[in-house]
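To keep things clear, I will list the structure first and then write my remarks on it.
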Amino acid sequence: GQQLNQSPQSMFIQEGEDVSMNCTSSSIFNTWLWYKQDPGEGPVLLIALYKAGELTSNGRLTAQFGITRKDSFLNISASIPSDVGIYFCAGPSFFGNEKLTFGTGTRLTIIP
Amino acid sequence: EAEVAQSPRYKITEKSQAVAFWCDPISGHATLYWYRQILGQGPELLVQFQDESVVDDSQLPKDRFSAERLKGVDSTLKIQPAKLEDSAVYLCASSLAVEDTQYFGPGTRLTVL
Chain A
1 GQQLNQSPQS MFIQEGEDVS MNCTSSSIFN TWLWYKQDPG EGPVLLIALY
51 KAGELTSNGR LTAQFGITRK DSFLNISASI PSDVGIYFCA GPSFFGNEKL
101 TFGTGTRLTI IP
Chain B
1 EAEVAQSPRY KITEKSQAVA FWCDPISGHA TLYWYRQILG QGPELLVQFQ
51 DESVVDDSQL PKDRFSAERL KGVDSTLKIQ PAKLEDSAVY LCASSLAVED
101 TQYFGPGTRL TVL
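Taken in order, these protein sequences are the chains called A and B.
The opening position of the first sequence corresponds to residue 1 in the working numbering, with each subsequent residue numbered one higher.
The opening position of the second sequence corresponds to residue 1 in the working numbering, with each subsequent residue numbered one higher.
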């Protein structure tokens, strides 16, 4: 089946730093989604990407749909304490049943 | 703002017991999903409903898990008997339609002792 690998697994940064994380797939995706999950909560959609090469921003977040359609990147600029959480990439099955496959997650921690 | 409701938030049970989780999707959402999230991993789809019908339960361990959405609104996920490896967070999500954004509930954290 499809697998989504995220790196890094975890990040420890200081407030104000920029953050970069990525997600790679063993197969092609037609849509890339980025979610954030806070402790004790369900994932919340941050950004959706629908076209290879697309670059989309949501406030301090910017995500890109890789040209090969097998990867995606998420950047967070000027991190703040509320950015702490786990970031997941996800994508629907290429075979059209829209079942979402989630990545392994990147845990972001901000060091005071 | 409308939210997906789940209960209970936490459940501790002994192995071989039966447990049930409830989900109330956002009003008007036709598609409902149950996911299992093992600690340190991303959510994995267990079952997907379109109204009252199951459209995908390929990852549901049907020997012990069952799910229903009798009136096409709220849904129940049951495990009987529970096993130690069932310890996880069970997330419910809903969307207006299959291709639309999925909104997740807070989840039920299950611990099997």
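Even for Gly, the Cβ is constructed at its ideal location relative to N, Cα and C.
Keep in mind the model is a prediction, meaning the values are calculated, not measured.
Original post:
For chain B, is any of its Cβ atoms less than 8 Å away from the one on T104 of chain A?
Top reply: By this cut-off, T104 of chain A is an interface position.
**OP:** State the beta-bridge partners of K36 of chain A as determined by DSSP.
**Re:** Paired residues: A:V44, A:Y87.
**OP:** Kindly say whether L39 of chain B, judged by its beta-carbon, lies nearer than 8 Å to any beta-carbon of chain A.
**Re:** No, L39 of chain B does not count as interfacial toward chain A.
Subject >> Minimum Cβ-Cβ distance from D57 of chain B to chain A less than 8 Å >> reply: No, D57 of chain B lies away from the interface with chain A (no Cβ there is under 8 Å from its Cβ).
Original post:
Going straight from the alpha carbon of S27 of chain A to that of F12 of chain A, what length do you get?
Top reply: Separation of S27 of chain A and F12 of chain A (C-alpha to C-alpha, rounded to the nearest whole angstrom) is 30 Å.
Original post:
Mind checking if L60 of chain B is an interface residue toward chain A, Cβ cutoff 8 Å exclusive?
Top reply: No, no contact with chain A.
Original post:
Opposite N75 of chain A in the DSSP bridges: which residues?
Top reply: Partner(s): A:S20, A:T62.
Subject >> Any chain A beta carbon closer than 8 Å to P81 of chain B >> reply: At a cut-off of 8 Å between beta-carbon atoms, P81 of chain B makes no contact with chain A.
Original post:
Counting only beta-carbon atoms, is Q50 of chain B nearer than 8 Å to chain A?
Top reply: With 8 Å as the cut-off, Q50 of chain B does not count as an interface residue toward chain A.
**OP:** Take K15 of chain B as the anchor and find which of B:Y103, B:P81, B:R109 has the nearest alpha-carbon.
**Re:** The shortest CA-to-CA distance from K15 of chain B to any of B:Y103, B:P81, B:R109 is the one to B:P81.
**OP:** Report the rounded CA-to-CA distance for N5 of chain A versus M21 of chain A, giving the unit in angstroms.
**Re:** Between N5 of chain A and M21 of chain A, the C-alpha separation is close to 11 Å.
Original post:
By how many angstroms is the C-alpha of Y35 of chain A removed from the C-alpha of R107 of chain A?
Top reply: When only Cα atoms are considered, R107 of chain A and Y35 of chain A end up about 12 Å apart.
Original post:
Which term fits G40 of chain A, buried or exposed, when burial requires 16 or more other beta carbons within 10 angstroms of its beta carbon?
Top reply: With fewer than 16 other Cβ atoms within 10 Å, it is exposed.
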